[in-house]
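Just so you know, the sequences run in chain order A and B. Per the numbering used here, the first sequence starts with residue 1, numbered consecutively. Per the numbering used here, the second sequence starts with residue 275, numbered consecutively. Backbone N, C-alpha and C define an ideal beta-carbon position, used for all residues, glycine too. In what follows, a structure is listed as structure tokens, so that the remarks can point back to it.
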Amino acid sequence: MTNLELILLKITIGLYLVSSLWLAGGFIFNREKLRKFFALPVLIALAAHTAVIIVRWSATGHGPVMKDYENALLGAWLTVALYLLLVFKWREMAVIGIVIAPLAMLLLGYAFMTEPVLERLSPGYKSFWLYVHVFTAWLAFGAYAIASGFAVAFFMRGHYDKKSVQTKIPELSELDLTAFRIVLFGFILHAIMIAAGSIWAAKLWGSYWSWDPIETWSLISWLCYGIIIHLRLAFAWKNQRFAVMIMLALVTVIIAWLGINWIPSSDHVFSKLE
Amino acid sequence: MFSKIINKLAIIILIAIAVFLTVFVLSPQCSFAPYFTGEKIRRWFFIVLVAALYIVLTFCTVDRIWRQVRSKYNSPSWWGSIIFHASFYVIVTGACISIGGRKTGLELFTESETVIFSENNYLLHDRPPFAVKLNRFLPVFENDMPVDYACDFSVYYDTAEGWMQARKSGLKVNMPLEEQGVSLVFKRWGYSPRIIIRDNEYNEIIGMFNLNLGEKIENGNPQKFFTDFTSVPNTNLKLELKFYPEMENGKHVPAYTARNPRIYAKLYSGKRVYVDGYIAMKESLVSDTLTLTFDDFNYWVGVEVVNDIGENIVFAGFVIAVIGLAFRMLF
């Protein structure tokens with residue numbers, strides 16, 4: 001890692017921390033001024049985050065697609081970018097930043113603790129499908145994280161409603177429907193991610209599916225979201241049930257990502273062609 | 275009522291599949307079978323579950339189409355859902371064809387060597403045989419790390435005039451060579467030293483030995499070398515061979531690039547050791563009865579040969595699934 005990248009990364013983590021406090025402060029202390037500019041600190045943090053990625057990209061000569069550090073860097077960026085896109089369309093949805101900003105900070109913090117050495121792409125990684133695979137994976141995981149943010153907002157709104165406290169959090173039905181749409185969006189990208197990974201695997205290993213533990217986890221998490229969508233559409237499991245389910249399903253996604261470290265025999269370790 | 279039962283069954287089966295897969299992945303791994311899930315999914319209960327899902331899916335899809343056709347409001351979103359469900363047929367069918375008809379194998383090519391692919395070895399499904407020759411292997415190193423591999427192959431067809439070169443084709447990591455529905459996927463590589471063993475009467479026993487990459491730790495540092503233990507053809511001699519790409523002042527330097535190669539050779543029969551030591555290229559190890567010379571070296575590559583007609587069906591299924599989901603989402 002270059003010095004410039006290190007400085008920018010620390011600034012980015014700091015900015016996400018400020019964003020988290022800003023967003024939480026706006027709600028806890030009910031400050032209208034803070035709430036009015038919810039997206040502003042996140043936008044500044046994302047700009048710094050973009051700079052980290054550019055510096056990294058120019059130093060390694062490839063996109064951030066290799067190993068934990070780069071994955072966390074890209075994953076956090078896509079999640080925050082997706083959140084900001086959502087907020088620009090529906091300003092009132094800014095509340096889920098309470099979940100997204102700390103999540104981005106934690107992801108980058110985790111990345112910082114790994115060993116972010118500058119490495120070239122090993123031959124196995126040199127594939128167009130890798131970029132499709134990684135990009136859609138993080139967009140899907142980001143969408144699931146945002147949907148979980150909606151689930152948190154759903155419970156917050158429910159809590160305020162019970163106590164008859166006025167809040168700027170959108171209506172429960174609105175939160176529920178938006179969360180569903182985002183889960184569906186993630187589900188499509190998750191399917192593309194699995195398909196792209198299979199095509200890449202066929203070209204790299206000669207087998208499109210080898211029941212590798214990481215592949216299997218990815219399928220398990222996809223099935224979980226499939227079950228959630230099915231339950232909602234066929235049995236009208238909405239609102240509170242839906243919110244609980246999307247929060248639980250996020251655990252499978254976290255395992256699918258971090259599981260790479262726990263399972264050394266996985267093909268996703270990529271030691272075989274190095 | 276019928277739809278509700280089918281939907282409930284579908285949910286139960288999906289949950290059961292997810293639970294079984296979770297148990298498979300989390301159950302203890304065997305060091306000898308790292309791809310443990312692949313073995314376990316062949317168990318009868320998992321196959322029954324997938325078959326049940328297939329049947330439920332059929333009823334579900336028929337029911338959905340029936341309701342869609344009868345409905346006055348033809349929603350594209352609803353059709354998206356049907357397309358998505360139908361894609362599972364395609365994927366599962368492709369997977370079944372793969373499991374039943376997939377033929378794979380590992381072929382080792384030394385430079386200038388030709389391998390013939392025919393009905394006998396790779397089930398070409400009545401397609402004509404062809405031969406593949408490795409002309410050259412070109413590894414690209416930067417700072418002694420391999421950054422790319424390129425193989426230069428020639429493809430030959432069996433014609434009335436004999437084997438004729440049809441085309442030249444490259445093969446790289448992530449870029450398989452495709453011919454007659456067979457994919458040749460780059461898998462591994464190594465050095466192939468040419469060893470000449472001469473007896474007292476100066477008779478030559480020549481062998482090209484394909485050595486795999488090995489590694490051992492010396493003084494805390496990983497030492498890379500290429501190693502094999504083999505029998506010398508047509509003799510009762512055993513040969514232990516190690517290829518060190520880089521050696522300076524008698525010490526191994528961890529390296530992939532053969533700038534200053536040495537070999538370690540131990541030639542023996544039973545308890546009798548004929549020669550044992552390190553030599554550079556064109557040097558010999560001499561005993562009273564045998565002489566072992568490190569004449570030259572080139573590369574070998576290991577290629578995974580895959581003949582799988584189910585693969586493209588699965589990929590088609592993926593495309594249909596994504597189209598279906600996109601319809602469901604966008605409309």
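Would you please verify whether the beta carbon of residue 62/A is less than 8 Å from any beta carbon of chain B?
no
Mind checking if residue 292/B is an interface residue toward chain A, Cβ cutoff 8 Å exclusive?
yes
Given a threshold of 16 other Cβ atoms within 10 Å of its Cβ, counted over all protein chains shown, does residue 248/A qualify as buried or as exposed?
exposed
Quick check on residue 580/B: does DSSP put it in helix, strand or coil?
strand
Within 8 Å, strictly: CB atoms of residue 229/A and residue 187/A:
yes
Find the residues of chain A that neighbour residue 275/B, judging by a C-beta separation of less than 7 Å, and give them in chain order.
Under the 7 Å cutoff, chain A gives no residues; its nearest Cβ is about 13 Å from residue 275/B.
Do residue 177/A and residue 136/A have their beta-carbon atoms positioned less than 8 Å apart in this structure?
no
Put residue 464/B into one of helix, strand or coil per three-state DSSP.
strand
If contacts are defined as beta-carbon pairs under 8 Å, then residue 145/A and residue 175/A qualify, I think. What distance do you get, rounded to the angstrom?
Contact doesn't hold; Cβ gap of about 15 Å is too wide.
Residue 180/A versus residue 243/A - alpha carbon distance
9 Å
Counting only C-beta atoms, is residue 15/A closer than 8 Å to chain B at any point?
no
For a quick check, are the C-beta atoms of residue 577/B and residue 391/B less than 8 Å apart?
no
From residue 548/B to residue 557/B, what distance separates their C-alpha atoms?
16 Å
Within 8 Å, strictly: CB atoms of residue 327/B and residue 291/B
yes
With a cut-off of 8 Å, do at least 3 Cβ pairs link the segment 567-581 of chain B to the segment 461-477 of chain B?
yes
For residue 605/B, which residues from the same chain have a beta carbon less than 6 Å from its beta carbon, with the 5 sequence-adjacent residues on both sides left out?
350, 351
Counting contacts by CB-CB distance shorter than 8 Å, is residue 230/A in contact with chain B?
yes
Starting from residue 509/B, trace the alpha helix (DSSP H) both ways and give me its first and last residue.
Where residue 509/B is concerned, there is no enclosing alpha helix (DSSP H), given that its DSSP letter is neither H nor E.
Just to check my reading of the structure: residue 356/B and residue 339/B have Cβ atoms closer than 8 Å, yes? What is that Cβ distance to the nearest angstrom?
6 Å
From which residue to which residue does the alpha helix (DSSP H) around residue 437/B run?
Element bounds for residue 437/B: not the alpha helix (DSSP H) but the beta strand (DSSP E), 436-446.
Of all the residues that make up the segment 403-430 of chain B, which are near chain A by a beta-carbon distance shorter than 8 Å?
416, 419, 420, 421, 422, 423
Label residue 304/B either buried or exposed according to how many other C-beta atoms from any shown protein chain fall within 10 Å of its C-beta, with 16 as the threshold for buried.
Confidence in residue 304/B is poor, its pLDDT being 47 and thus under 50, which makes the residue's placement unreliable; the coordinate value appears in the next sentence. Exposed, since its Cβ has fewer than 16 Cβ neighbours within 10 Å.
C-beta atoms of residue 183/A and residue 236/A nearer than 8 Å:
no
By the three-class DSSP mapping on this structure, what secondary structure does residue 376/B have?
coil
Look up residue 213/A in the DSSP assignment and say whether it is helix, strand or coil.
helix
Taking the C-alpha atoms as reference points, what is the distance between residue 572/B and residue 419/B?
18 Å
Looking at the unbroken alpha helix (DSSP H) that takes in residue 151/A, where does it start and where does it end?
128-162
From what residue to what residue does the alpha helix (DSSP H) around residue 102/A run?
97-113
Contact set for residue 587/B: own chain, Cβ-Cβ below 7 Å, skip 5 residues either direction
364, 367, 368, 371
What three-state label does DSSP hand residue 117/A in the structure shown?
coil
How is residue 545/B classed by DSSP in three states: helix, strand or coil?
coil
Between 69/A, 232/A, 156/A, 211/A, which has its C-alpha nearest residue 99/A's C-alpha?
156/A
Nearest-angstrom Cα separation, counted from residue 360/B out to residue 424/B:
40 Å
Reference residue 476/B; option with closest CA among 600/B, 334/B, 562/B, 582/B:
562/B
Run through DSSP, which three-state label would residue 561/B get?
coil
Residues near residue 81/A by beta carbon distance below 7 Å, same chain, minus five either side:
46
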